[in-house]
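Novice:
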Amino acid sequence: MLHISKWERQENASRDKLGTAALNLCKVAKSTDGVHSAKFYWPNPNMVAFVVEAETGSWGIGAEPTGEAMKAFFDLGDAASCVMDETWVDASLGQKRSDRAG
């Protein structure tokens with residue numbers, strides 16, 4: 000699964016604070032079992048975008064976050080607001096789920 004989100008910098012937060020929070024979130028994600036990769040990008044000077052590739056249930060809404068992950072998300076939330084959050088299912092998992100429906 001791909002977990003894709005965009006976070007827009009809050010006016011009271013520096014770009015340095017946003018970049019540091021983004022880097023820390025990626026480090027925490029990469030240290031999580033089942034996460035294959037975690038990267039962030041700057042679509043513009045006031046926004047970061049994350050792409051986290053992970054096994055089902057190891058990251059995102061279906062996962063139980065560690066204390067370290069929650070701290071990283073809270074630090075990110077202090078610097079930015081989430082403006083987009085999506086989970087993309089790969090084709091094989093999507094087909095398996097579709098087949099279950101009959």
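Per numbering that gives the first Met the number 0, the sequence shown starts with residue 0, numbered consecutively.
Even for Gly, the Cβ is constructed at its ideal location relative to N, Cα and C.
Quick caveat: nothing in here was measured; it's all calculated off a predicted structure.
Mind checking if Val34 is an interface residue toward chain B, Cβ cutoff 7 Å exclusive?
Specialist: Among the chains in the structure shown there is no chain B, since it carries only a single protein chain.
Novice: Just to confirm the assignment: which complete beta strand (DSSP E) runs, minimum length 3, are found wholly within the segment 8-85?
Specialist: If we require 3 residues or more, the beta strand (DSSP E) runs fully inside the segment 8-85 come out as 34-43 and 46-53.
Novice: Once the 5 residues before and after Ala68 are set aside, which same chain residues still bring their CB inside 6 Å of it?
Specialist: Val27, listed in sequence order.
Novice: Whose CA, out of Asp32, Pro64, Leu17 and Gly61, lies closest to the CA of Ser76?
Specialist: A small correction: the amino acid at residue 76 is Gly; Ser does not occupy that position in the sequence shown. Checked all of Asp32, Pro64, Leu17 and Gly61; the closest Cα to Gly76 is Leu17.
Novice: Going by C-alpha to C-alpha distance, which of Ala53, Ile3 and Lys70 sits closest to Asp32?
Specialist: When each option's Cα is compared against that of Asp32, the closest is Ala53.
Novice: Keeping to the same chain, check which residues put their C-beta closer than 6 Å to that of Val51; ignore five residues upstream and five downstream.
Specialist: Cβ neighbours of Val51 beyond the five flanking positions: His2, Ala28, Ala37 and Trp58.
Novice: Would you mind working out which of Ser80, Cys25 and Ser91 sits nearest Glu10, comparing C-alpha positions?
Specialist: Glu10 has its Cα closest to that of Ser80, out of Ser80, Cys25 and Ser91.
Novice: Excluding the 5 residues preceding and the 5 following Tyr40 in the sequence, name in chain order all residues of the same chain whose CB lies nearer than 6 Å to its CB.
Specialist: Answer for Tyr40: Ala48, listed in chain order.
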